[in-house]
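Undergrad:
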Amino acid sequence: MATQYGIKFAVHLITNHFGNLVAKVCECLLRRGPLTFEQLSRFTELTKDQVKNSLLVLVQHNCVQAFILEQEGREGSKVNAQYLALFDNILHRLRFPKFLEIVSQDLDEECVELLEGLLRDGRLTLKQMVDRASQRKENAVALDVVQESLHKLLMLRYAERCPSPEPVISPPVDLDTKKRGAKSKIAEEPETIEYRVLEAAMPAEGIRFYLTASSELINNSDIYPGRGVGENVAREDSMLFRANFEEFVRRRRHKVLVENVRTAHDDGAAIVLGAVLDATRNAEKKVKMEKSVPLTLDAIFTEVQKTEIGLAMTMERVRSSLVLLGCTQRTFDAPYSIELNKIIESARDEEVESIVLKRYGTDAYRMFRLLSKTGRLLETDKIAESTFVEKRDTPKILYKLWKDDYLHMEKLVLTGARQLKFLLWKVNKPILWERVLDEMYHAALNLSLRLAYEQEKDGELLAVPKDKIVGQLQKRYKRLRNSWLLLESSLMKLDDTLMLFHDF
Amino acid sequence: MQGSSLKRKRPDNVPSSVSLTDAERVLYNVIQGKRDLGIWSKEMKEETNLPDNVVRKALASLQVKKLIKEVVNCQNKAKKHYIASEFKPSKEITGGDWYSEGNLDKDFIEIVKDVFLKIIFIQKVATVDGILEWVKKNHAFHVELTSHQIEEILQALVLDDQIIEMESTGFGEFASVPAGRVCYRCKNKRGPKGEPKIGAMASIPCGVCPRISSCTPDGIISPRTCVYYQKWLDF
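Top line first, the protein sequences correspond to chains A and B.
When we follow the working numbering, the leftmost residue of the first sequence carries the number 6, and every step to the right adds one.
When we follow the working numbering, the leftmost residue of the second sequence carries the number 132, and every step to the right adds one.
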């Protein structure tokens, strides 16, 4: 389940895109978890038609996935179908311009337009893509032209076949969610119901990124279980495709990893990491890889040489960059694996430290960084000594950070000739990051609401012809434009940080 | 201390030539017993049950006889703290190497930090030993700094995010330092004037807002009514 303000922000995005009714159904699923159609109707107090239409929209746009929970003794039926809200996919709706930018760097304009259609309409058949392209060009567009663009998107995994509409999953063996209650959602990836449903729904690896499944695969009942060949061929014709969010998130993650390494070290290390990630992209089993897929030094060197600047790098320089990236010296043949999680952790630390500096000042910043780096409990005086803050001032600063949940505190009492009391402090990263993430969702919602308010307030200015915007009106217009730009760019920048804490 | 304050509780190091009154001896024993931690005058009165004026007179006399000394307690400069002369006051009382008269010598610390930053900037990569050698050779400061003290300042610069501590690769700019040895280099800054990067959250009003927990979309404090947003957008 997402955080409190995560849900509010997601509902806000759905309201903006699809209206209040759809948002009400979506909110109900986000707050209560997977529900059947009956339960949804009851909880939302909407009519069956309203719930049905809302679900259709949400499924079309990949914000909800249906599934069937197998029941003991009998096969699952449509009656038992449940609906699961996909929080991540809802948040991705904010990022469509970023995804389009990624494609525009790698592929031609036709591919970008095709992806734009997939993002706008959620999912399309090949025929729908052709119709759409013809409408745009005001001329009939040939099927093979659209097929070629879709094929390019599939090859780079920017597009994929849509998942199974109602996969069947077995009931969870032992959830034991109460025990995990206090733990953070960021730090661990348990097999949640969402994970199991998405895994079950995903098309088989052999056809997920293919335009047409081979006849062998169509005949294979594992691909479309319980269906005959004829039905499978018909299904192929009406096969739906959609944007593959996973790949876009992976690309953004790789970009952030490389840029962070460039800032922390140098261009050489950035080139080596970039080469490793490019070469192993398709071998990554998931987005949140803790370490890069192992490669030998030879393979890494070959990849580096493919880049323009990497051409000038020697083997020794590549090896030294790998050491900078935290890989220990090895023999020639042993593969290298870079700790990607450490780079992500470092980027998250910087973001939180930046907030502490701005909110609480330099002394607090130093103390927070000390505790963050140490990762264990430290006593008040020890913190004062290491950060060069007056011992008598230190407790006040630590207390302020503790009151706002940036620090964890424990009391230690030693009894002897005299009773001595010590206060020990620590940064608990998983819990803190989750709290910071919720605050960021809150801030993103605020930015979005303020933007809407500014647009409402002075929106009539946009209707005024440009030549009539003079004097005081011009001043207002300039302020309006600058406000919009500032709010929009701040939201996009904050969204990068949301991805850093939630998706990477 | 229980019982008669006139009884001697433990042997002391008072030379036989120095004579002490009973009160002085009792107080001296208490102070000496605290070794390098010393004791606050009020705590002494509580332990010995001696009247105020007796304690005051005895302490003054012990100081004249050079048996005890008054030290400044960095935790609270207003408290009169006493220690036996033969002890050096502990770090808990003085604050440590970087304290002077109970205050952190911030000016001196900033000077040392500045000098070290310049050394690291010029040398590109520096070690504790390298800086120690430079400091000794150039008589950079009026006091001699130990390796430990140099390391403390370098760690403070790491916490300031001015330098990075890392292990030498032995290659390129690290060639002067053996591979694996701990060394320091300047942090790459983002801004044109070398200022550190400000995070996305810290760049917006919500990121530093003291009232965010009270802020709601339609509440009294909301993004629509927010004065911080108003100021931020009225640039």
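Note that beta-carbon positions come from the ideal geometry of N, C-alpha and C, so glycine has one too.
Quick caveat, the model's predicted, so the values are computed rather than measured.
Assuming residue 230 (chain B) and residue 169 (chain B) make a contact with CB atoms under 8 angstroms, what is their CB distance in whole Å?
TA: Against the second sequence, residue 230 (chain B) aligns to sequence position 99. Against the second sequence, residue 169 (chain B) aligns to sequence position 38. Not confirmed; about 15 angstroms, so no contact.
Undergrad: Which chain C residues are close to residue 495 (chain A), counting only those with a beta carbon under 8 angstroms from its beta carbon?
TA: Of the protein chains in this structure, namely A and B, none is chain C.
Undergrad: By Cβ distance below 6 angstroms, which residues in the same chain neighbour residue 112 (chain A) in space, the five residues on each side in sequence not counted?
TA: Translated into positions along the first sequence, residue 112 (chain A) becomes position 107. Once the five neighbours on either side are set aside, the close Cβ partners of residue 112 (chain A) are 157.
Undergrad: Give the single residue among A:330, A:127 and A:146 whose Cα lies nearest to the Cα of residue 136 (chain A).
TA: To locate residue 136 (chain A), count along the first sequence from 1; it is residue 131. Measuring from the Cα of residue 136 (chain A), the nearest candidate turns out to be A:146.
Undergrad: Does residue 314 (chain B) get closer than 7 angstroms to chain A when you measure Cβ to Cβ?
TA: By 1-based counting over the second sequence, the position of residue 314 (chain B) is 183. No, no contact with chain A.
Undergrad: Might you give, ordered along the chain, the residues of its own chain that have their beta carbon closer than 6 angstroms to the beta carbon of residue 357 (chain B), omitting 5 neighbours on each side?
TA: Residue 357 (chain B) sits at position 226 when you count from the first residue of the second sequence. Same-chain partners within the cutoff: there are none.
Undergrad: Under 7 angstroms, do residue 34 (chain A) and residue 90 (chain A) count as touching if we go by C-beta distance?
TA: By one-based count along the first sequence, residue 34 (chain A) stands at place 29. By one-based count along the first sequence, residue 90 (chain A) stands at place 85. Yes, Cβ-Cβ distance for residue 34 (chain A) and residue 90 (chain A) is below 7 angstroms.
Undergrad: Nearest chain B C-beta to residue 200 (chain A) closer than 7 angstroms, yes or no?
TA: Numbered from 1 along the first sequence, position 195 holds the residue referred to as residue 200 (chain A). No, because no Cβ of chain B sits closer than 7 angstroms to the Cβ of residue 200 (chain A).
Undergrad: Less than 7 angstroms between CB atoms is the rule here; does residue 15 (chain A) satisfy it with respect to chain B?
TA: Start at 1 with the first residue of the first sequence, and residue 15 (chain A) comes out as number 10. No, residue 15 (chain A) does not count as interfacial toward chain B.
Undergrad: Please work out which residues of its chain come closer than 6 angstroms, Cβ to Cβ, to residue 306 (chain A), disregarding the five sequence neighbours upstream and downstream, and give them in chain order.
TA: Stepping through the first sequence from its first residue, residue 306 (chain A) is reached at position 301. Around residue 306 (chain A): 320 and 323.
Undergrad: By alpha-carbon positions, which one of A:128, A:152 and A:87 ends up nearest to residue 66 (chain A)?
TA: Indexing the first sequence from 1 puts residue 66 (chain A) at position 61. The option with the nearest alpha carbon to residue 66 (chain A) is A:128.
Undergrad: What in chain A is Cβ-close to residue 342 (chain B), meaning under 7 angstroms?
TA: Numbered from 1 along the second sequence, position 211 holds the residue referred to as residue 342 (chain B). What residue 342 (chain B) touches in chain A: nothing, since even the nearest Cβ is about 12 angstroms away.
Undergrad: Measuring CA to CA, which of A:162, A:28 and A:370 is closest to residue 405 (chain A)?
TA: For the purposes of this step, residue 405 (chain A) is taken as residue 400 along the first sequence, with counting starting at 1. Cα-wise, what sits closest to residue 405 (chain A) is A:370.
Undergrad: I believe residue 162 (chain B) touches residue 215 (chain B) by the beta-carbon criterion, under 8 angstroms. Please report the beta-carbon distance rounded to the nearest angstrom.
TA: On the second sequence, residue 162 (chain B) is found 31 positions in, with the first residue counted as 1. On the second sequence, residue 215 (chain B) is found 84 positions in, with the first residue counted as 1. Confirmed, about 5 angstroms.
Undergrad: For residue 344 (chain A) and residue 299 (chain A), I'd like the C-alpha separation in whole angstroms.
TA: Translated into positions along the first sequence, residue 344 (chain A) becomes position 339. Translated into positions along the first sequence, residue 299 (chain A) becomes position 294. So the two alpha carbons sit approximately 11 angstroms from each other.
Undergrad: At a CB-CB cut-off below 9 angstroms, which residues of chain A make contact with residue 348 (chain B)?
TA: Taking the first residue of the second sequence as position 1, residue 348 (chain B) is located at position 217. Residues of chain A passing the Cβ test: 13, 17, 450, 451 and 454.
Undergrad: Could one say the Cβ of residue 355 (chain B) lies closer than 7 angstroms to chain A's Cβ atoms, at least one of them?
TA: Working through the second sequence from its first residue, we reach residue 355 (chain B) at position 224. Cβ-Cβ to chain A under 7 angstroms: yes for residue 355 (chain B).
Undergrad: For residue 389 (chain A), which residues of its own chain have a beta-carbon under 6 angstroms away from its beta-carbon, when the five flanking residues on both sides are left out?
TA: The residue you call residue 389 (chain A) lines up with position 384 of the first sequence. Same-chain partners within the cutoff: 396 and 399.
Undergrad: Residue range of the beta strand (DSSP E) that residue 87 (chain A) falls in?
TA: Against the first sequence, residue 87 (chain A) aligns to sequence position 82. First-last of the beta strand (DSSP E) with residue 87 (chain A): 86 to 90.
Undergrad: So the candidates are A:142, A:43 and A:428; which of them puts its Cα closest to the Cα of residue 119 (chain A)?
TA: As a position in the first sequence, residue 119 (chain A) is number 114, starting the count at 1. Cα-wise, what sits closest to residue 119 (chain A) is A:142.
Undergrad: Does the segment 456 to 473 of chain A come close enough to the segment 25 to 34 of chain A that 3 or more CB-CB pairs lie under 8 angstroms?
TA: Judged by Cβ distances under 8 angstroms, the segment 25 to 34 of chain A makes no contact with the segment 456 to 473 of chain A, as fewer than three pairs qualify.
Undergrad: Beta-carbon of residue 374 (chain A) versus every beta-carbon of chain B: anything under 7 angstroms?
TA: Here residue 374 (chain A) corresponds to residue number 369 of the first sequence, with the count starting at 1. True, the Cβ-Cβ gap to chain B drops below 7 angstroms.
Undergrad: Please work out which residues of its chain come closer than 7 angstroms, Cβ to Cβ, to residue 251 (chain A), disregarding the five sequence neighbours upstream and downstream, and give them in chain order.
TA: In the first sequence, counting from the first residue as 1, residue 251 (chain A) sits at position 246. Result list for residue 251 (chain A): 292, in chain order.
Undergrad: Within 7 angstroms (strictly less), CB to CB, does residue 338 (chain B) reach chain A?
TA: Position 207 of the second sequence, counted from the first residue, corresponds to residue 338 (chain B). Chain A contact via Cβ: present.
Undergrad: What are the boundary residues of the alpha helix (DSSP H) that includes residue 70 (chain A)?
TA: Taking the first sequence and counting its residues from 1, the one referred to as residue 70 (chain A) is at position 65. Counting along the chain, residue 70 (chain A) falls outside any alpha helix (DSSP H), though it belongs to the beta strand (DSSP E) covering 69 to 74.
Undergrad: In the structure shown, what three-state DSSP assignment does residue 288 (chain B) receive?
TA: Numbered from its first residue, the second sequence carries residue 288 (chain B) at position 157. DSSP places residue 288 (chain B) in helix when its eight states are reduced to three.
Undergrad: Does the beta-carbon distance from residue 492 (chain A) to residue 450 (chain A) come in below 7 angstroms?
TA: By one-based count along the first sequence, residue 492 (chain A) stands at place 487. By one-based count along the first sequence, residue 450 (chain A) stands at place 445. No, the Cβ-Cβ distance between residue 492 (chain A) and residue 450 (chain A) is not below 7 angstroms.
Undergrad: Check the DSSP bridge columns for residue 199 (chain B) and list the partner residues they point to.
TA: Mapped onto the second sequence, residue 199 (chain B) falls at position 68. DSSP lists B:215 as partners of residue 199 (chain B).
Undergrad: Does residue 427 (chain A) come out as helix, strand or coil in the three-state DSSP assignment?
TA: Locating residue 427 (chain A) in the first sequence gives position 422, where the first residue counts as 1. If DSSP states are grouped into helix, strand and coil, residue 427 (chain A) belongs with the strands.
Undergrad: With a threshold of 16 other CB atoms inside 10 Å of the CB of residue 315 (chain A), please say whether the residue is buried or exposed.
TA: In the first sequence, the residue the question calls residue 315 (chain A) occupies position 310. Looking at its Cβ environment, which holds 16 or more other Cβ atoms inside 10 Å, residue 315 (chain A) is buried.
Undergrad: Counting along the chain, where does the alpha helix (DSSP H) carrying residue 401 (chain A) start and finish?
TA: In the first sequence, counting from the first residue as 1, residue 401 (chain A) sits at position 396. Taken as a continuous stretch (DSSP letters only), the alpha helix (DSSP H) holding residue 401 (chain A) covers 399 to 408.
Undergrad: Roughly how many angstroms separate the alpha carbons of residue 290 (chain B) and residue 336 (chain B), rounded to a whole number?
TA: Position 159 of the second sequence, counting from 1, holds the residue named residue 290 (chain B). Position 205 of the second sequence, counting from 1, holds the residue named residue 336 (chain B). Approximately 25 angstroms between the Cα atoms of the pair.
Undergrad: Is the distance from the Cβ of residue 261 (chain A) to the Cβ of residue 275 (chain A) below 7 angstroms?
TA: Here the question's residue 261 (chain A) lines up with position 256 in the first sequence. Here the question's residue 275 (chain A) lines up with position 270 in the first sequence. Not in contact: residue 261 (chain A) and residue 275 (chain A) (Cβ atoms no closer than 7 angstroms).
Undergrad: Name the residues in the segment 327 to 357 of chain A whose C-beta lies less than 7 angstroms from a C-beta of chain B; which are they?
TA: Within the segment 327 to 357 of chain A, the qualifying residues are 328, 329, 355 and 356.
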